[in-house]
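Heads up, the sequence shown is in this note's numbering, so the first residue is 3 and it goes up one at a time. Glycine is no exception: its CB is placed at the ideal position from the N, C-alpha and C atoms. Keep in mind that this is a model prediction, so the values were computed, not measured.
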Amino acid sequence: MNIGIDKIGFYAPPYYVDMVELANERGDDPGKYTVGIGQEQMAVTPLSQDIVSMAVNAALQVINDTDRNKIDLVIVGTESGFDASKSAAVYVHELLGIQPHARSFEIKQACYGATAGLQMAKDYVTLHPDRAALVIGSDVARYGLATGGEVTQGGGAIAMFITANPRILTLEADATFYSRDIMDFWRPSYSEYAMVDGQYSNEQYVAFFAEVWKAYKEKTGRTLSEFEALCFHLPYTKMGKKALSQVLTETDDEKQQALMNHYQASTVLNRNVGNIYTGSLYLSLLSLLTASEALEAGDRIGLFSYGSGAVGEFFSGTLVDGYLKNLPTTKIKELFANRKQISVSQYEDIFSKVLPQDGSELTIPAEEDASPVRLVAVKEHKRFYGIG
Ligand code: COA
């Protein structure tokens, strides 16, 4: 029985800032941002969007009424949780109108959360092939204004509908994983911003990839030559390239070129959105599938997930015949066409706005946010969402 990704949806907030403008404002060489880091545009998340509304906006692209009755698991991976107790998944379950006898919960392990959810969903559907799971990664990456990490911020959500006989990607039971307690990136619950040892996190990302890739080859006997593409968790698009470069020499020149071409395709969307933490790997997969014209059914794609702190995992999937028909290509084009570019000072203004923390009431104006679901108000420490 094949289990995997049947549908995939993506949502990014309605504003973005241009990275050349940001570099100029910060007194940096734009080449550092666009080439050295590899980012062109950065999504800016207004008060009217949070991890719940973004998750629902992404999921609305993929589920219909039949799916609503079939979903038994609603899993939200996030590291931008706004509640230490109640999960974002419970709000998402209700807002999406999913059948009530479902399990809804949130998973946290930095950017690895959605992968944990995906593997759990795969196992569940393997045991219950007539049922389905909804796995979402939804985050807002915030390091702070004029910080070293600012250039690697972003926000957005990916939603994946996991079923038997999937129409996009069949997931293999070949994952290798690795966990170690390190302090490369973390966010104490009293802090709005992530703490990061940037260069150390770069080193650890590459080291964790080497570890799980070695374990993968030993476990499966597969070689790099058997892959058409590798997708990476992309906090910024240069990051995955550092990991890929260290293994490229394991295959011949022609394959090296093909893997690099596919790597470029896998960065197109991320380059224009920024870091979306838990969803970044799956945004990269979506980018690859929508941007590459050289892939075909049966091709094997490797996926490297990394969540600081840290957990790494490598696994693979094979493309299903007709996968192109099930991709949200038109919706993605519309989403990007409808985004509005804002100036650096407008971005700073949006970034600095916070919701009340004293229980007072705030009605949040839609302004230019025409997304199907928005955070419309907070009152007595409760969030209220509006649809349509
Ligand atoms: N033109 C082209 N490239 C340039 C450049 C220019 N004018 N100026 C600098 N660069 C290159 C550097 O050579 C470097 O490339 P390399 O990494 O291939 O060596 C890159 O741009 C970044 O420069 P660096 O000096 O390392 O940037 P930084 O000290 O500001 O830190 C991060 C970059 C990513 C570490 C920082 O933004 C950060 O901490 N981000 C958050 C953490 C994160 O995303 N971690 C990833 C693992 S999950």
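Quick one: residues in its chain with C-beta nearer than 6 Å to the C-beta of residue i, no 5 flanking neighbours on either side, listed in chain order?
{"i": "T128", "result": "I5"}
{"i": "W188", "result": "M197"}
{"i": "H383", "result": "G361"}
{"i": "G119", "result": "I77, G79, I109, V137"}
{"i": "D52", "result": "L377"}
Taking only the alpha-carbon atoms, compute the straight-line gap between residue i and residue j and give it to the nearest angstrom.
{"i": "A91", "j": "Y126", "result": "17 Å"}
{"i": "E152", "j": "H130", "result": "43 Å"}
{"i": "I303", "j": "A25", "result": "34 Å"}
{"i": "S289", "j": "V46", "result": "20 Å"}
{"i": "C113", "j": "A212", "result": "18 Å"}
{"i": "I352", "j": "P367", "result": "13 Å"}
{"i": "Q259", "j": "S247", "result": "11 Å"}
{"i": "T2", "j": "A296", "result": "The displayed coordinates of the chain run from 3 to 390. Any statement about residue 2 would go beyond what the structure contains."}
{"i": "P426", "j": "A293", "result": "In the structure displayed, the chain extends from 3 to 390; residue 426 sits before or after that span and is not available."}
{"i": "I334", "j": "T222", "result": "35 Å"}
{"i": "T251", "j": "L261", "result": "11 Å"}
{"i": "P168", "j": "D8", "result": "4 Å"}
{"i": "V375", "j": "Y387", "result": "7 Å"}
{"i": "D132", "j": "A123", "result": "13 Å"}
{"i": "D186", "j": "D67", "result": "42 Å"}
Within 8 Å: the Cβ of residue i and any heavy atom of the ligand COA?
{"i": "M185", "result": "no"}
{"i": "K110", "result": "no"}
{"i": "C233", "result": "no"}
{"i": "Q201", "result": "yes"}
{"i": "I39", "result": "yes"}
{"i": "P367", "result": "no"}
{"i": "V198", "result": "yes"}
{"i": "V153", "result": "yes"}
{"i": "M44", "result": "no"}
{"i": "G33", "result": "yes"}
{"i": "G150", "result": "yes"}
{"i": "P102", "result": "no"}
{"i": "P237", "result": "yes"}
{"i": "K240", "result": "yes"}
{"i": "N272", "result": "no"}
{"i": "N424", "result": "Residue 424 lies beyond the residue range present for the chain, which begins at 3 and ends at 390; the question has no answer from this structure."}
{"i": "Y180", "result": "no"}
Near residue i, which residues of its chain fall below 8 Å by C-beta distance, leaving aside the five closest residues on each side in sequence?
{"i": "D301", "result": "E230, A231, T320, L321"}
{"i": "A104", "result": "I73, D74, L75, V76, H95"}
{"i": "A209", "result": "none"}
Residue i by DSSP, collapsed to three states: which one?
{"i": "M185", "result": "coil"}
{"i": "Q41", "result": "coil"}
{"i": "S203", "result": "helix"}
{"i": "D74", "result": "strand"}
{"i": "A393", "result": "The structure shown has nothing for residue 393, since the chain only spans 3 to 390."}
{"i": "F338", "result": "helix"}
{"i": "R224", "result": "coil"}
Closer than 9 Å, CB to CB, is residue i near chain B or not?
{"i": "E96", "result": "The structure shown contains no chain B; it is built from a single protein chain."}
Go through its chain and collect everything with a Cβ distance to residue i's Cβ below 7 Å, but skip five positions before and after it.
{"i": "K355", "result": "L49"}
{"i": "Q155", "result": "M44, A143, R144, Y145, G276, N277"}
Sorry if obvious, but does the Cβ on residue i come closer than 8 Å to a heavy atom of the ligand MN?
{"i": "S354", "result": "No copy of the ligand MN appears in this structure; the ligands present are the ligand COA."}
### Message
Going residue by residue through the stretch 262 to 309, where are the continuous alpha helix (DSSP H) segments of at least 4 residues, counting only ones entirely within it?
### Response
270 to 273, 282 to 293
### Message
At 3 residues or longer, what runs of the beta strand (DSSP E) sit wholly inside the stretch 115 to 198?
### Response
134 to 143, 156 to 166, 171 to 173, 178 to 181
### Query
What runs of the beta strand (DSSP E), each 3 residues or longer, lie entirely inside the stretch 354 to 388?
375 to 381
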